[in-house]
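Structure first, commentary second.
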Amino acid sequence: MTEIKIQTDTLVIGAGQAGIAMSEHLTRLGIPHLVLEKNRIAEAWRSGRWDSLVANGPAWHDRFPGLEFNAADPDSFIPKDEVANYFEDYARKFEAPVKTGVEVKSVKRNHGRPGFTVETSDGIVEAKHIVAATGPFQRPVVPAIAPADSQLYQIHSAAYKNPAQLPAGAVLVVGAGSSGVQIADEIQRSGKQVYLSVGAHDRPPRAYRNRDFCWWLGVLGLWDAAANQPGKEHVTIAVSGARGGHTVDFRSLAHQGIHLVGLTQRFAEGKVFFEDNLAHNIRQGDESYLALLDAADAWIARNGLDLPEEPQARIFPADPLCVTQPTLELNLTEAGITSIIWATGYSPDYGWLQVDAFDAQGKPRHQRGVSSEAGIYFLGLPWLSRRGSTFIWGVWHDAKYVADHIETQRKYSRYLDASQR
Numbered sequence: 005m006t007e008i009k010i011q012t013d014t015l016v017i018g019a020g021q022a023g024i025a026m027s028e029h030l031t032r033l034g035i036p037h038l039v040l041e042k043n044r045i046a047e048a049w050r051s052g053r054w055d056s057l058v059a060n061g062p063a064w065h066d067r068f069p070g071l072e073f074n075a076a077d078p079d080s081f082i083p084k085d086e087v088a089n090y091f092e093d094y095a096r097k098f099e100a101p102v103k104t105g106v107e108v109k110s111v112k113r114n115h116g117r118p119g120f121t122v123e124t125s126d127g128i129v130e131a132k133h134i135v136a137a138t139g140p141f142q143r144p145v146v147p148a149i150a151p152a153d154s155q156l157y158q159i160h161s162a163a164y165k166n167p168a169q170l171p172a173g174a175v176l177v178v179g180a181g182s183s184g185v186q187i188a189d190e191i192q193r194s195g196k197q198v199y200l201s202v203g204a205h206d207r208p209p210r211a212y213r214n215r216d217f218c219w220w221l222g223v224l225g226l227w228d229a230a231a232n233q234p235g236k237e238h239v240t241i242a243v244s245g246a247r248g249g250h251t252v253d254f255r256s257l258a259h260q261g262i263h264l265v266g267l268t269q270r271f272a273e274g275k276v277f278f279e280d281n282l283a284h285n286i287r288q289g290d291e292s293y294l295a296l297l298d299a300a301d302a303w304i305a306r307n308g309l310d311l312p313e314e315p316q317a318r319i320f321p322a323d324p325l326c327v328t329q330p331t332l333e334l335n336l337t338e339a340g341i342t343s344i345i346w347a348t349g350y351s352p353d354y355g356w357l358q359v360d361a362f363d364a365q366g367k368p369r370h371q372r373g374v375s376s377e378a379g380i381y382f383l384g385l386p387w388l389s390r391r392g393s394t395f396i397w398g399v400w401h402d403a404k405y406v407a408d409h410i411e412t413q414r415k416y417s418r419y420l421d422a423s424q425r
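Straight run, no breaks: the sequence shown in our numbering ends on number 425.
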């Protein structure tokens, strides 16, 4: 029989923003727990992002309630390494019981007795409750259309660090969410020709009428939306805190020198083919942008606030040639494209969680993070309870709900134990 090294009430797996938030709330409730992390605290912020990345929300917003960033300007956008340091400082603040360098290999439900047995690289752990706080960014997704051409330098955005790592030649960036837009912009500013493949997206104003879009989503109640709008389940958001923060405008990027193309469709015989939907995608992005401006104006009028008007925010640059006469195919050699960066998102990886907690598509079954499998919890997933669930402050509130649920279950267990004496 394998020796049990550690027994605890609640085991939290992952020490990123979700795991640290979870630990704080468990500590507050006095629930014995342990946090296991296979790398360092907030490792994804340190090594899983490009060098120049900053938070997409301002310092006053993208934080936990119990600690402010050590930033001179609360409206600034914090560099990624400082964000990672922030989580380390936060964990130290309440003495979070984190063990780093420990990989979880499997979680299995015990038979004939409560709880779970967890196999780790450091031995066996038993726990009554499991919180999967590894988040949604575990496995980089590269579409099946990626060409097998060994002459092309192809990486996912997770492996991109800076323009210097790319070979000479032009670059195709596939995906125009926050990561793809910022990476394409940085590479183009380094002097390279960049092609940016633009799909469906929302692009909020960075700021409007002297307030950041994070503030607007808060006062308008949009952070608390319980579900995405129908048809927008897979629509990405294009926003940037780079260079002090600015509104992402695809027309401006084109006038800057980036060649925009539609959704990447396929590769064949040395060519890449794009859907004829660039203008449509840009118009849809404009609609989401203008809808937020309209909602903000109505809120200001309704509340009688004296915020400076900003009529120029509704004026867009002229459509560039790449929009009015879209490129539908490119010969990679003739275009000089030597690199492709796939900014095409991530998927979770719960291969280690060997319990009946997933649907037929492999997605977690849960309500606000409480799994259909008793004793299992999820944290840090998009739309876990609301739109803000993947943001730093949002995951903190989700963690509170999950911790309170665990404490309620503990009370029921104590009652059962007492009744059996």
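Just so it is clear, CB atoms sit at the ideal spot from N, CA and C, and this is done for glycine as well.
Just so we're clear, the structure is a prediction, and the values are computed from it rather than from any experiment.
Run of the beta strand (DSSP E) containing residue i, from where it starts to where it stops
i	result
Ala272	Thr268 to Ala272
Ser110	Val108 to Arg113
Ser183	Looking at the DSSP string, Ser183 is not in any beta strand (DSSP E); the run it does join, the alpha helix (DSSP H), is Ser182 to Arg193.
Glu28	Premise fails: Glu28 lies in the alpha helix (DSSP H), Gln21 to Arg32, not in any beta strand (DSSP E).
Ala131	Gly127 to Ala136
Val146	No beta strand (DSSP E) contains Val146, which DSSP labels as neither H nor E.
Phe277	Lys275 to Phe278
Segment limits, alpha helix (DSSP H) that includes residue i
i	result
Ala295	Leu282 to Asn307
Ser256	Phe254 to Gln260
Classification of residue i by the beta-carbon crowding that lies within 10 angstroms, buried from 16 upward
i	result
Tyr416	exposed
Met5	Reliability fails at Met5, whose pLDDT of 44 lies under 50, so the model's placement of it is uncertain and no value is given.
Glu99	exposed
Arg318	exposed
Arg247	exposed
Thr337	exposed
Arg53	buried
Tyr293	buried
Gln186	buried
Glu273	exposed
Thr104	exposed
8 Å contact criterion, which residue i and residue j should meet: CB distance rounded
i	j	result
Leu296	Pro209	7 Å
Val111	Val102	Rounded, the Cβ-Cβ distance is 18 Å, inconsistent with contact.
Ser244	Asn60	7 Å
Ser201	Val223	Contact doesn't hold; Cβ gap of about 34 Å is too wide.
Thr268	Ile82	That belief does not hold up - the Cβ atoms of Thr268 and Ile82 are roughly 32 Å apart, past 8 Å.
His133	Asp13	6 Å
Cut-off 6 Å between Cβ atoms - residues of its own chain near residue i, not counting five sequence neighbours on either side
i	result
Ala22	Ala137, Gly139, Leu383, Gly384 and Val399
Ala46	Gly20, Ala88 and Phe91
Ile304	Leu311
Thr331	Val265
Ala258	Leu264, Pro324 and Cys326
Arg207	Ala242, Val252, Gly289 and Tyr293
Close beta carbons around residue i, own chain, < 7 Å, minus the five adjacent residues each side
i	result
Gly261	Gln192
Leu57	Lys84
Ala229	Arg390 and Arg391
Ala211	Phe217
Close beta carbons around residue i, own chain, < 8 Å, minus the five adjacent residues each side
i	result
Ala174	Lys196, Gln197, Val198, Tyr199, Ala339, Gly340, Ile341, Thr342 and Ser343
Val406	Met26, His29, Val135, Arg372, Gly373, Val374, Tyr381 and Leu383
Pro171	Tyr157, Thr342 and Ser343
Arg143	Tyr350, Ser351, Pro352 and Asp353
Next on the checklist: Could you tell me which whole beta strand (DSSP E) segments of length 3 or greater appear in the stretch 336–405?
Outcome noted: 341–346 and 380–382
Checklist entry - Of all the beta strand (DSSP E) runs that stay within the bounds of the stretch 34–111, which reach a length of 3 or more residues? => result 37–41 and 102–104
Next on the checklist: Report the start-end ranges of each beta strand (DSSP E) in the stretch 148–181 that is 3 residues or longer and not cut off at the edges.
Outcome noted: 157–160 and 174–178
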